[in-house]
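In order, the protein sequences belong to chains A and B. In terms of the numbering used here, the first sequence opens at residue 22 and continues consecutively. In terms of the numbering used here, the second sequence opens at residue 22 and continues consecutively. Note that CB positions come from ideal geometry on N, CA and C, so glycine has one too. Model, not experiment: these values are computed from the prediction.
There are 2 protein chains.
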Amino acid sequence: MREFKRLTPYGEALNLMLDNIEEIPETEEVSLDNALGRVLAEDIVSPIDSPPFDRAAVDGYALRAEDTFPAREYNPVELKVIDEINAGEESSAKVEPGTAVKLTTGAKIPDGANAVLMQEMAERDRDIIRVLRPAAPGQNVAFAGEDVKRGDVVLRKGQILRPQDLALLKSVSFKRVKVKRRPRVGIIVTGDELIEEFDEEALKSGKILESNSTMLKGLVKQYFGEPVFYGVVPDEEEAIREAIERAKTENDLVLVTGGSAFGDKDFAHRFVRLLFHGTTIKPGRPIGYGERTFVMSGYPAAVFAQFHLYVKHALAKLVGARDYEIKVRAELVERIPSQLGRYEFVKVHYEGGKARPIKKRGSGIISSLVESNGYIGIPEDSEGYLEGEEVWVTLY
Amino acid sequence: MREFKRLTPYGEALNLMLDNIEEIPETEEVSLDNALGRVLAEDIVSPIDSPPFDRAAVDGYALRAEDTFPAREYNPVELKVIDEINAGEESSAKVEPGTAVKLTTGAKIPDGANAVLMQEMAERDRDIIRVLRPAAPGQNVAFAGEDVKRGDVVLRKGQILRPQDLALLKSVSFKRVKVKRRPRVGIIVTGDELIEEFDEEALKSGKILESNSTMLKGLVKQYFGEPVFYGVVPDEEEAIREAIERAKTENDLVLVTGGSAFGDKDFAHRFVRLLFHGTTIKPGRPIGYGERTFVMSGYPAAVFAQFHLYVKHALAKLVGARDYEIKVRAELVERIPSQLGRYEFVKVHYEGGKARPIKKRGSGIISSLVESNGYIGIPEDSEGYLEGEEVWVTLY
């Protein structure tokens, strides 16, 4: 087995790869109900003020604050109620000195009024209210444009749309929104030892159940993409070449698992002009990238690390997504040794501000992925972290 | 406007509500490709060992470690290569003393062998290898059941299925998985001031664009549910009664926005036998709950807080989901005052271990929700937190 001449440092390889990937230009318009989790393709400028008019923040009386300035409990000011409106209605009355309009929360403030007195602050007698205390101008008024002003940029390109973002869009009159097309991601799995269906005999005689495609399909969906699975391709030079060629023309990104090392049966890396091959990451060292194609390991835990360290960032760049990673501070409950010169991807379980490293570290070990919910990346120049040290965990 | 006789403390109301909600019994079987984000309905016991056999962790030679014990660089041990296999193949040969089988990574260890010598550690000459250093028993062997043993519980009921969980299921021979049915959540929006379509004239004369349904549909989807929208119901006693009755029979949970307070037009709370009405939360105080129905505020920011403080937990209980909240430690970059006696839902922007409170605090303010990505819950007995204090942020 040939070895890598040089392991490209993690960060250097990441930059080489990202520089090689361009944001996809295509967008699509979807209804707000179908936009959850999609990536916004343009800045959104509000075409209206929201709220569109000054409105009452409580149930009460719209009035001129000036009229109430002399009001005292022992010397109430009397105002005449000239109209009553509910939210959604508009009063045709104008509030002149000495008058008020009764309204409910959310109703438009009538002309002439500049404050709303809470209902329970006035004594009512037929069409007269007695005001016991002065009201300040603007009191209990939600002003037009208080939430959003016409012309404001309310959301920026690259935003991953959440329920509150969709609500804001709706409140400023959008019904549809322009999002990035989902990148198509071709997934090719190689390995003669892999079977897709349970077969007891086969499992006794050297075959194993393939699971990389299942994992990658899920990860691709989680990170903005649309997976396209090309099946398990046998370890034959021509079959692998053809699958890669086809997947490259049909997808924005291609992931090939298996065949990234230099074994006799490792073909995949021969058909891609790689920008790097072999990086300092551990596990997952033999990853290669070029021509929008990742040549990845065969072992699931290595594939998982390669996805989070490289592929995730490629997908985010393809759609121009921002804020797609959650990084949290945590106290390490157990020491993690790390090999100098390697960028270690250490799986941890994060909970309640503490991070517990998951010990089973073989790259074939899927159960360790299941126990973890995040990772610590230990740079090449570090020998690891001590128990009790404060570390950064990237959640997944 | 009547006031609440008593505000039920947040935690007390939460428990009253949760005690009233039962996990739904119905499950459905879905393919692994359709299981992402669904909630596992049963414990999963592995029917097989994974890997199913001892296998090579590197490309090399399967041999008897004992044979190599005398090996030194100046005194190599010679072994005869009696077979060559690739991953997925099984050797019919038995490794007897003095012999070895060449194999690739992942191949099944032949009978008789107990270690794998890395390819580059041996010098090969036709069917003879010269071993220069001793190998330890078990060296470079991934043992059967090393990842998962037959009979192990590999995933627990209530797990929200992630890509790695699906991969584990696949690797132990599952193709489908039993998940909880999505709870149906009826959404009723009330308010005569609300319009669904942009209409400039209407917006000038007191109407506003309805956005609660958009937000709640998204939140319900985010937390395991299937939203069913019943439209905007006018502020008429009979219309609201009918909508609530119908939604209660057709859904597992019902959310009604608007009409939770005691205004003249607040009808919704009259048609539900409430376990509590009015809690210490701020914003969102007038929330009521009973008969699987939440009577919520009309203001979007209040609805959002009510969802995260109550409805989210109801949905998680309906499906028996675990670990559906991410809580992180953060340093507060600005002081937050809080009112004694209120459980304040303070929106923050969390980034890089720091939490910045979002200042705009009117309950009508959707833009504040958009700026935030988490909240701090300040209990009733606290007057708030100081700048620089360490706080817990629940991300959303």
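Give the residues from the region 207-225 of chain B that approach chain A closer than 8 Å (Cβ to any Cβ), ordered along the chain. 212, 213, 214, 215, 218, 219, 224 and 225
Quick check on the burial criterion: 16 or more other C-beta atoms within 10 angstroms. Buried or exposed for residue 64 (chain A)? Translated into positions along the first sequence, residue 64 (chain A) becomes position 43. Exposed, because fewer than 16 other Cβ atoms sit within 10 Å of the Cβ of residue 64 (chain A).
Grouping DSSP H, G and I as helix and E and B as strand, with all else coil, what is residue 29 (chain B)? What you label residue 29 (chain B) is simply residue 8 of the second sequence in a count that begins at 1. Three-state result, residue 29 (chain B): strand.
Determine the direct distance from the alpha carbon of residue 399 (chain B) to that of residue 367 (chain B), and round the result to whole angstroms. The residue you call residue 367 (chain B) lines up with position 346 of the second sequence. The residue you call residue 399 (chain B) lines up with position 378 of the second sequence. Spanning the two alpha carbons is a distance of roughly 8 Å.
Span of the beta strand (DSSP E), counted from its first residue to its last, around residue 265 (chain A): Mapped onto the first sequence, residue 265 (chain A) falls at position 244. That residue, residue 265 (chain A), is in no beta strand (DSSP E); its alpha helix (DSSP H) goes 258-271.
Shorter than 8 Å from the beta carbon of residue 27 (chain A) to some beta carbon of chain C? Absent from the structure: chain C. Protein chains present are A and B.
I need the DSSP call for residue 88 (chain B), collapsed to helix, strand or coil. Working through the second sequence from its first residue, we reach residue 88 (chain B) at position 67. Helix at residue 88 (chain B).
Output yes if chain B places a C-beta closer than 8 Å to the C-beta of residue 416 (chain A); else output no. For the purposes of this step, residue 416 (chain A) is taken as the residue at position 395 of the first sequence. Chain B, which has a Cβ nearer than 8 Å to the Cβ of residue 416 (chain A), makes this yes.
Suppose contacts are defined by Cβ-Cβ distances below 8 Å. Is residue 71 (chain A) in contact with residue 166 (chain A) by that definition? Here residue 71 (chain A) refers to the residue found at position 50 of the first sequence. Here residue 166 (chain A) refers to the residue found at position 145 of the first sequence. In this structure, residue 166 (chain A) lies closer than 8 Å to residue 71 (chain A) by Cβ.
Please go through the same chain and pick out, in chain order, the residues whose beta-carbon is closer than 7 Å to the beta-carbon of residue 409 (chain A), but skip the five residues on each side of it. As a first step, residue 409 (chain A) must be located in the first sequence, where it is residue number 388. Here the set comprises 352 and 353.
DSSP-derived helix/strand/coil call for residue 323 (chain A): On the first sequence, residue 323 (chain A) is found 302 positions in, with the first residue counted as 1. Of the three classes helix, strand and coil, the one that applies to residue 323 (chain A) here is helix, per DSSP.
Do the region 79-88 of chain B and the region 114-121 of chain B touch if we need at least three Cβ pairs shorter than 8 Å? yes
What are the boundary residues of the alpha helix (DSSP H) that residue 143 (chain A) is part of? Stepping through the first sequence from its first residue, residue 143 (chain A) is reached at position 122. Per DSSP, residue 143 (chain A) belongs to no alpha helix (DSSP H); it is in the beta strand (DSSP E), 143-146.
Beta-ladder partner(s) of residue 215 (chain A), from DSSP: Stepping through the first sequence from its first residue, residue 215 (chain A) is reached at position 194. Paired residue(s): A:229.
Given a cut-off of 8 Å on the beta-carbon distance, is the pair residue 38 (chain B) and residue 396 (chain B) in contact? Numbered from its first residue, the second sequence carries residue 38 (chain B) at position 17. Numbered from its first residue, the second sequence carries residue 396 (chain B) at position 375. Taking 8 Å as the Cβ cut-off, residue 38 (chain B) and residue 396 (chain B) do not qualify as a contacting pair.
Does DSSP classify residue 391 (chain B) as helix, strand or coil? Sequence index remark: in the second sequence, residue 391 (chain B) carries index 370 (1-based). The answer is helix: DSSP assigns residue 391 (chain B) an H, G or I state.
Between the CA atoms of residue 52 (chain B) and residue 30 (chain B) - distance to the nearest angstrom: Taking the first residue of the second sequence as position 1, residue 30 (chain B) is located at position 9. Taking the first residue of the second sequence as position 1, residue 52 (chain B) is located at position 31. Rounded to whole angstroms, residue 30 (chain B) to residue 52 (chain B) spans 43 Å at the Cα level.
From the DSSP output, in three-state form, read off residue 381 (chain B) for me. If you number the second sequence from 1, residue 381 (chain B) lands on position 360. It is coil, neither helix nor strand.
What are the complete beta strand (DSSP E) segments, minimum 3 residues, inside the region 103-134 of chain A? 120-124
Within the same chain, show all residues whose beta-carbon is closer than 8 Å to that of residue 139 (chain A), passing over the 5 residues directly before and after it, in chain order. For the purposes of this step, residue 139 (chain A) is identified with residue 118 of the first sequence, where counting begins at 1. The residues are 79, 80, 81 and 161.
Do the CB positions of residue 194 (chain B) and residue 347 (chain B) come within less than 8 Å of each other? Within the second sequence, residue 194 (chain B) is the residue found at index 173, counting from 1. Within the second sequence, residue 347 (chain B) is the residue found at index 326, counting from 1. Taking 8 Å as the Cβ cut-off, residue 194 (chain B) and residue 347 (chain B) do not qualify as a contacting pair.
Between residue 239 (chain B) and residue 183 (chain A), what straight-line distance do the alpha-carbon atoms span, to the nearest angstrom? As a position in the second sequence, residue 239 (chain B) is number 218, starting the count at 1. As a position in the first sequence, residue 183 (chain A) is number 162, starting the count at 1. Distance between the alpha carbons of residue 239 (chain B) and residue 183 (chain A): 7 Å.
Report yes if the CB atom of residue 362 (chain A) is closer than 8 Å to the CB atom of residue 401 (chain A), and no otherwise. Here residue 362 (chain A) is taken as the residue at index 341 of the first sequence, counted from 1. Here residue 401 (chain A) is taken as the residue at index 380 of the first sequence, counted from 1. Their beta carbons are under 8 Å apart, which means residue 362 (chain A) touches residue 401 (chain A) by this criterion.
Buried or exposed: residue 129 (chain B), going by 16 or more other Cβ atoms within 10 Å of its Cβ? The residue labelled residue 129 (chain B) in the question sits at position 108 within the second sequence. When all chains shown are included, residue 129 (chain B) counts as buried.
If contact means a Cβ-Cβ distance below 8 Å, which residues of the region 336-348 of chain A contact chain B? 344, 347 and 348
Reference residue 155 (chain A), options A:201, A:99, A:192 and A:145, closest by Cα: By one-based count along the first sequence, residue 155 (chain A) stands at place 134. Nearest option by C-alpha distance: A:99.
Neighbourhood of residue 57 (chain A) by C-beta distance below 8 Å, restricted to the same chain and skipping five residues each side: Here residue 57 (chain A) corresponds to residue number 36 of the first sequence, with the count starting at 1. Excluding sequence neighbours, residue 57 (chain A) sits near 182, 183, 184 and 187.
Taking the alpha-carbon positions, what's the residue 387 (chain A) to residue 222 (chain A) distance? For the purposes of this step, residue 387 (chain A) is taken as residue 366 along the first sequence, with counting starting at 1. For the purposes of this step, residue 222 (chain A) is taken as residue 201 along the first sequence, with counting starting at 1. Roughly 23 Å between the two C-alpha positions.
What's the gap between the Cα of residue 146 (chain A) and the Cα of residue 204 (chain B)? Locating residue 146 (chain A) in the first sequence gives position 125, where the first residue counts as 1. Locating residue 204 (chain B) in the second sequence gives position 183, where the first residue counts as 1. Residue 146 (chain A) and residue 204 (chain B): Cα-Cα distance of roughly 50 Å.
Does residue 96 (chain B) pass the burial test, meaning 16 or more other C-beta atoms within 10 Å, or should it be called exposed? Residue numbering aside, residue 96 (chain B) sits at position 75 when the second sequence is read from its first letter. Exposed, by the Cβ-count rule.
Contact set between residue 175 (chain A) and chain B, taken where Cβ atoms lie within less than 8 Å: Indexing the first sequence from 1 puts residue 175 (chain A) at position 154. Chain B residues near residue 175 (chain A): 388 and 391.
Let me confirm a value: residue 302 (chain B) is counted as buried when at least 16 other C-beta atoms fall within 10 Å, else exposed. Which label applies? Taking the first residue of the second sequence as position 1, residue 302 (chain B) is located at position 281. The residue is buried, with at least 16 neighbouring Cβ atoms inside 10 Å.
Residue 221 (chain A), DSSP secondary structure in three states: Start at 1 with the first residue of the first sequence, and residue 221 (chain A) comes out as number 200. The answer is helix: DSSP assigns residue 221 (chain A) an H, G or I state.
Inter-stretch contact (C-beta, 8 Å, three-pair minimum) for the region 304-323 of chain A and the region 274-284 of chain A: yes
Given a limit of 8 Å on CB to CB distance, which residues of the region 312-326 of chain A reach chain B? 319, 321 and 325
Any heavy atom of the ligand GTP closer than 7 Å to the Cβ of residue 255 (chain B)? Among the components modelled here there is no ligand, and therefore nothing to report on the ligand GTP.
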